[in-house]
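Novice: First the structure, then my questions, so here it is.
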Amino acid sequence: MYWDREAETMDRGKLESIQVERLRETLRRARKSPYYGKLFRDAGIEPEQVNSVDMIKAIPFTTKDDLQAHWPYGFLAVMKDEVIRMHASSGTTGRSIVVFHTASDIAGWTDVLARSIYMAGMRKDDVFQNMMSYGLFTGGLGFHYAAEKVGALVIPAGAGNSKRQIQLMRDFETTVIHIIPSYAIHLFTVFGELKVDPKKDTKLKMAFIGAEPHSEKMRKKIEEFYGIKAYNSYGLSEMNGPGVSFECPAQSGMHIWEDHYVVEVIDPETLTPVPDGEEGELVLTTLMREGMPVLRYRTKDLTRIIPGQCECGRTHRRIDRIKGRTDDMMILKGVNIFPLQIEKKLMEIPGVGTNFVIILEREGNEDSMVVKVEVQKEYFAGDLKQLENLRKRIVEELRSDILITPKVSLIEPGGLPSTEGKAVRVIDNRKE
Amino acid sequence: MTAYQLSIFAENKPGRLAAVTGILAKEKINIRATTIATSDTFGVINLIVDDPQRAQLALSKAGMTVNLREVLAVLIEDKPGGLDKLTQMLAKENININNAYGFVLEGHKKAVFVVDVDQMERAQKLIERGGFKTLDTEALSAIEPFHYMKY
Numbered sequence: 004m005y006w007d008r009e010a011e012t013m014d015r016g017k018l019e020s021i022q023v024e025r026l027r028e029t030l031r032r033a034r035k036s037p038y039y040g041k042l043f044r045d046a047g048i049e050p051e052q053v054n055s056v057d058m059i060k061a062i063p064f065t066t067k068d069d070l071q072a073h074w075p076y077g078f079l080a081v082m083k084d085e086v087i088r089m090h091a092s093s094g095t096t097g098r099s100i101v102v103f104h105t106a107s108d109i110a111g112w113t114d115v116l117a118r119s120i121y122m123a124g125m126r127k128d129d130v131f132q133n134m135m136s137y138g139l140f141t142g143g144l145g146f147h148y149a150a151e152k153v154g155a156l157v158i159p160a161g162a163g164n165s166k167r168q169i170q171l172m173r174d175f176e177t178t179v180i181h182i183i184p185s186y187a188i189h190l191f192t193v194f195g196e197l198k199v200d201p202k203k204d205t206k207l208k209m210a211f212i213g214a215e216p217h218s219e220k221m222r223k224k225i226e227e228f229y230g231i232k233a234y235n236s237y238g239l240s241e242m243n244g245p246g247v248s249f250e251c252p253a254q255s256g257m258h259i260w261e262d263h264y265v266v267e268v269i270d271p272e273t274l275t276p277v278p279d280g281e282e283g284e285l286v287l288t289t290l291m292r293e294g295m296p297v298l299r300y301r302t303k304d305l306t307r308i309i310p311g312q313c314e315c316g317r318t319h320r321r322i323d324r325i326k327g328r329t330d331d332m333m334i335l336k337g338v339n340i341f342p343l344q345i346e347k348k349l350m351e352i353p354g355v356g357t358n359f360v361i362i363l364e365r366e367g368n369e370d371s372m373v374v375k376v377e378v379q380k381e382y383f384a385g386d387l388k389q390l391e392n393l394r395k396r397i398v399e400e401l402r403s404d405i406l407i408t409p410k411v412s413l414i415e416p417g418g419l420p421s422t423e424g425k426a427v428r429v430i431d432n433r434k435e
Numbered sequence: 016m017t018a019y020q021l022s023i024f025a026e027n028k029p030g031r032l033a034a035v036t037g038i039l040a041k042e043k044i045n046i047r048a049t050t051i052a053t054s055d056t057f058g059v060i061n062l063i064v065d066d067p068q069r070a071q072l073a074l075s076k077a078g079m080t081v082n083l084r085e086v087l088a089v090l091i092e093d094k095p096g097g098l099d100k101l102t103q104m105l106a107k108e109n110i111n112i113n114n115a116y117g118f119v120l121e122g123h124k125k126a127v128f129v130v131d132v133d134q135m136e137r138a139q140k141l142i143e144r145g146g147f148k149t150l151d152t153e154a155l156s157a158i159e160p161f162h163y164m165k166y
């Protein structure tokens, strides 16, 4: 039942002493990167002096802005020829970040994710269909390597093409899938159209769902639709990707692997730690990465540490389902999108006015984005064709930037409610 | 002579046309013709009125997005082939009509056909040389449209 019994069940004292050792080593490595090298000199941080995990608090936080500002090599802590792979955050032009991995980084990531999926119940005799996109996104390749390591037969199906997905599932008797929750719901409707019953006509028993925040209700729906167990997971490219935190069969919170990460939860306003059980922003430090260590990374994700020990016997603490974000990032179909990014693109298009609003909808079982855009008063030349062309151009420009096709409505100048103070740019109607 | 058409950008939702006509009624502006073109969630209301400049001002003041553009108001015969004569001529000269609409005048003898074309000046010369009369705002205001109530 354990992939790595010693690592998964070691007592807290031992775990902490491993953390101290690895933290010291991580700081030594981080110091070799241009960014942390300067930071350590300026702040007078001496990795050799670190003798408790608590001393991590002397290190300033790292943010996404820092990673972006030092694109592409500012955080690289090894010679470039040691790097064997890179990943970059999803489709967010102008806001991308890059993460470099050495051979040992990939091995470490693969092992901790293998530990996670083995914990959920995947075994050598399983057939694993990976329905995530392969490429810069970490969800595809990350799971691919981990499932191979467990020894399952891996079907690298990639994202989309629902009919083929269902065909693959039936032909090769897939038992485990990795899927974005909203797509799992959508795929079920395709099953219906094809008159295939996933409960009777497939061998499915388990799904790994992630890459998108979702509710407990949504998980229950997926489990009910397919007659399977669905396990939640949490990860982010900056911390490798999937495998940071994963649910065990108890399905009551996600174990966060503390031999690979130092976990802090802070108050996003005061930046001071909050006690276990209380909600705050998750802050993570890599402990096993050599190519690009990242220290005290502010994930912007809101969660809490679930107090108490899990019935499964693992000693690594659990985090709760992600409650939201401290920034305005939207996640739609697994793609990270910032309102600012949309604003930037819109303002480059002649004829677009100053006000716009993004509405996220769940129609049936599919998420979609509606962008309402005010037209510039002076732009209007009295003809419909011109407006229709403007609308098409906005759709096209946004699609090429965010990789999602939005519905665009043109609004009369002044037609959107004007805002006092902070503009309300996003209305999320996807709440259940 | 050229006439003016008012175009108003409006979202496709209840009350938008009423808002336009409400303002014009208050300003005592007479509407001679109207068409609406819609595309999904928005559209354009086109109006021929007796005082386009004043109408534009009033609508703009109310916050509406208004455009005033030149169009040709061509007087045609109200009989079979009356419109055909005009459109055949424009087609032969390769002039594209972006928008057009018409209304019949009193007595069924004449009709007015409003065309919004891509080569305004050339089209105008051509139409006038072809024996058609074009109307300006003043002339449009003076003519009496056919009225079904008046037997």
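Keeping their order, the protein sequence lines are chains A and B. Residue numbers for the first sequence follow the numbering used here, beginning at 4 and rising by one. Residue numbers for the second sequence follow the numbering used here, beginning at 16 and rising by one. For every residue, glycine included, the Cβ atom is placed at its ideal position computed from N, Cα and C.
1) In the DSSP assignment, find the unbroken beta strand (DSSP E) run with residue 17/B in it and report its ends.
2) Who pairs with residue 371/A in a beta bridge, going by DSSP?
3) Go ahead and pull the three-state DSSP assignment for residue 137/A.
4) Give the range of the beta strand (DSSP E) segment to which residue 305/A is assigned.
5) For a quick check, are the C-beta atoms of residue 183/A and residue 208/A less than 8 angstroms apart?
6) Considering only C-alpha positions, which residue in the set 243/A, 255/A, 204/A and 402/A is nearest to residue 219/A?
7) Which stretch, first to last residue, makes up the alpha helix (DSSP H) that contains residue 16/A?
8) Going along chain B in order, which residues have a C-beta closer than 9 angstroms to the C-beta of residue 378/A?
9) Quick check on DSSP: helix, strand or coil for residue 143/B?
10) Please report the residue range of the beta strand (DSSP E) in which residue 52/B lies.
11) Just curious, the alpha helix (DSSP H) that residue 39/A is in, first and last residue?
12) Looking at the structure shown, is residue 284/A part of a helix, part of a strand, or coil, going by DSSP?
13) What ranges does the alpha helix (DSSP H) occupy inside the segment 130 to 217 of chain A, keeping only unbroken runs of at least 4 residues that lie completely in it?
14) Reducing DSSP to helix, strand and coil, say where residue 131/B ends up.
15) So for residue 94/A, helix, strand or coil by DSSP?
16) Is the shortest distance between the beta-carbon of residue 96/A and the beta-carbons of chain B less than 8 angstroms?
17) For the candidate residues 319/A, 428/A, 417/A and 244/A, whose alpha-carbon lies nearest to that of residue 8/B?
18) Pull the bridge partners of residue 341/A from the DSSP assignment, please.
19) Alpha carbon to alpha carbon, how far is residue 221/A from residue 130/A? Give it in angstroms, no decimals.
20) Apart from the five residues just before and just after residue 52/B, which ones in its own chain have a Cβ nearer than 8 angstroms to its Cβ?
21) Can you tell me the Cα-Cα spacing of residue 446/A and residue 116/A, whole angstroms?
22) Check whether chain B comes within 8 angstroms of residue 174/A, counting only Cβ atoms and requiring the distance to be less than that.
23) For a contact defined as C-beta to C-beta under 7 angstroms, what are the partners of residue 137/B on chain A?
24) Name the one or two DSSP bridge partners that residue 233/A has.
25) At a cut of 8 angstroms, does the segment 127 to 140 of chain B reach the segment 103 to 112 of chain B through at least three beta carbon pairs?
26) Does DSSP put residue 57/B in a helix, in a strand, or in coil?
27) Express the C-alpha separation of residue 352/A and residue 241/A in angstroms, rounding to a whole number.
28) Helix, strand or coil, according to DSSP, for residue 431/A in the structure here?
29) If we define contact as Cβ-Cβ less than 8 angstroms, is residue 412/A a contact residue for chain B?
30) Cα separation between residue 88/A and residue 233/A?
31) Nearest to residue 373/A by alpha carbon, out of 342/A, 381/A, 325/A and 389/A?
32) Return yes when the Cβ of residue 268/A is within less than 8 angstroms of the Cβ of residue 308/A, no when it is not.
33) Measuring alpha carbon to alpha carbon, tell me which residue in 58/A, 54/A, 49/A and 42/A is nearest residue 69/A.
34) With a threshold of 8 angstroms between beta-carbons, can residue 84/B be considered close to chain A, or not?
35) So which residues of chain A does residue 52/B contact, with C-beta pairs closer than 8 angstroms?
36) First and last residue of the alpha helix (DSSP H) that includes residue 56/A?
Specialist: Taking the geometry as given:
1) That residue, residue 17/B, is in no beta strand (DSSP E); it is neither H nor E in DSSP.
2) 364/A
3) coil
4) 300 to 306
5) no
6) 255/A
7) 15 to 33
8) 24, 57 and 80
9) helix
10) 46 to 54
11) 37 to 46
12) strand
13) 141 to 153, 165 to 174, 184 to 196 and 201 to 204
14) strand
15) Low confidence applies to residue 94/A: its pLDDT is 45, below 50, so where it sits in the model is not reliable, and the reading given next is rough at best. Note: residue 94/A maps to coil in three-state DSSP.
16) The predicted model places residue 96/A with a pLDDT of 46, which falls under 50 and marks its position as unreliable; any figure quoted below should be read in that light. Judged by the 8 angstroms Cβ criterion, residue 96/A is not in contact with chain B.
17) With chain B covering 16 to 166 only, the question about residue 8/B has no answer from this structure.
18) Beta-bridge pairing links residue 341/A to no other residue.
19) 24 angstroms
20) 58, 59, 61 and 114
21) Outside the shown range of chain A, which is 4 to 435, sits residue 446/A, and nothing can be said about it.
22) no
23) Correct list: empty, because the minimum Cβ distance to chain A is about 19 angstroms.
24) 210/A
25) yes
26) strand
27) 32 angstroms
28) strand
29) yes
30) 30 angstroms
31) 342/A
32) yes
33) 42/A
34) yes
35) 387
36) That residue, residue 56/A, is in no alpha helix (DSSP H); it is neither H nor E in DSSP.
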